[in-house]
Every structure is written in structure tokens, then in C-alpha cells.
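Engineer: This is the structure, below, for whatever I ask next.
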Amino acid sequence: MIVQSIIGNINKQEVDFDKLEWIELDWEELNKRIIRKHTDKGREIAITLDHNTHLHVGDIVFQDDNSIIAIRTKLEPAYVIKPTTFTEIGKVSWELGNRHTPCIVTDSEIVVRYDETLETIFKKVNVAYEKTERRFETPFKYKGHHHH
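Residues -14 to 133 in the working numbering are what the sequence shown spells out, letter by letter.
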């Protein structure tokens, strides 16, 4: 099957989740215009988009009476850090920033991509953390920086 456009997004419309098939992509693939993949139910899909179009999590690329095919990112190993004091927040933030580690910060947690060397920091700071898997809806932003 070849699809050439995005026809909606599951986050912006009502969807029958029983009919949903997923195409799982790596972050880098969200910016590609031409992709050939299989859905989680085994259907082969070729996506060819216009030059100025790229995919987002939840985009619907096919829909008929029996099925809906949408985009999601792959599960990635990650650490979820749960500081409980200002001291823990400050120390773990300083350590992550000092290493230029991209993170996603919410009201209750800090999430970083898995890197086994980070466990030493978490233990040093004595902050609660867990290794888990997440599907990220926003990309990690890497900011270039060098010390003078």
C-alpha cells in the first residue's frame, strides 16, 4: 500500500482504537519523506510525502471502514528520575546539565534517555530513579555547547 498524505491525527479527532494499526518509527524517521515499513499487524506501507511535509506522533496516514493506520514512536529505554527535595532537584539538574544530557522535565519527574553511566550520578545524588521504557511525543533537543 502506498500513502501520500497525512489525513488527520488521533489526538485531534475521535478514533475507534479497535481498528488502529501502528507504524513505529525512530525519531530520525519522523523527518523522512519516504518510508517503507510494516504495521504492528504486518501490513506493508510505503509513505511518500511532499517536500515540506513530515510526520508527527499520532498522524493518520490511512483510514477506511475497517482500519486506521497511525504513526507512533518506538519504545525507548529511559530513566525516570523523581526528586523529592529542592536539594535533589538542584543536584541532579546540575549533574545532568554539566554532562549536557538532554531531558524532559515535568511537574513530577525528569526523563532522560538510557545511558548506563548516569546511574552513578543518580546514586551519588541519592535521588529516586527507575529504568523503564517510554514512547516520547517530543524529541530531545541537543544544544551544542563548549567550555572556553
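Ideal Cβ positions, reconstructed from N, Cα and C, are used throughout, including at glycine.
Let's see if you can read the secondary structure: which residues bound the alpha helix (DSSP H) around Ile74?
Structural biologist: Here the alpha helix (DSSP H) through Ile74 covers Phe71 to Asn83.
Engineer: Please classify Val90: is it buried, with 16 or more other beta-carbons within 10 angstroms of its beta-carbon, or exposed?
Structural biologist: By the neighbour-count rule (16 or more Cβ atoms within 10 Å), Val90 is not buried but exposed.
Engineer: Name the residue from Asp11, Ser93, Gln(-2) and Arg18 whose alpha carbon lies nearest to the alpha carbon of Val(-12).
Structural biologist: Minimum Cα distance to Val(-12) is reached at Arg18.
Engineer: Could you check where the beta strand (DSSP E) with Leu10 kicks off and where it finishes?
Structural biologist: Its beta strand (DSSP E) spans residues Leu5 to Leu10.
Engineer: In or out: Leu60 buried (at least 16 other Cβ within 10 Å) or exposed?
Structural biologist: It is exposed - the Cβ of Leu60 has fewer than 16 other Cβ atoms within 10 Å.
Engineer: Are Ala31 and Thr69 closer than 9 Å when you measure CB to CB?
Structural biologist: No, they are not a contact pair.
Engineer: What is the DSSP secondary structure of Glu104, counted as helix, strand or coil?
Structural biologist: Here Glu104 sits in helix by DSSP.
Engineer: For Val46 and Ile(-8), which I take to be in contact (beta-carbon distance under 8 Å), what is that distance rounded to the nearest angstrom?
Structural biologist: Indeed, because the Cβ distance is near 7 Å, the residues count as touching under 8 Å.
Engineer: What's the gap between the Cα of Asp92 and the Cα of Met(-14)?
Structural biologist: The alpha-carbon atoms of Asp92 and Met(-14) are separated by roughly 42 Å.
Engineer: Return the residue from the list Asp50, His39, Glu29 and Ile106 that minimises the CA-CA distance to Asn142.
Structural biologist: Summary: the structure shown does not reach residue 142, with the chain confined to residues -14 through 133, and so no result is reported for it.
Engineer: For Glu104, which of Pro87, Val65, Val0 and Lys26 has the nearest alpha-carbon?
Structural biologist: Taking only the C-alpha atoms, the option nearest Glu104 is Val65.
Engineer: Out of curiosity, what's the CA-to-CA distance linking Trp12 and Ile54?
Structural biologist: Approximately 18 Å between the Cα atoms of the pair.
Engineer: With 16 as the cutoff for other CB atoms within 10 Å, does Thr24 come out buried or exposed?
Structural biologist: Result: buried.
Engineer: Which residue wins for smallest C-alpha separation from Ser78, given the options Val96, Asp3 and Ala63?
Structural biologist: Answer by Cα proximity: Val96.
Engineer: If we ignore side chains and look at the alpha-carbon of each, how far apart do Arg57 and Leu40 end up?
Structural biologist: If I take the Cα positions, the gap works out to 9 Å.
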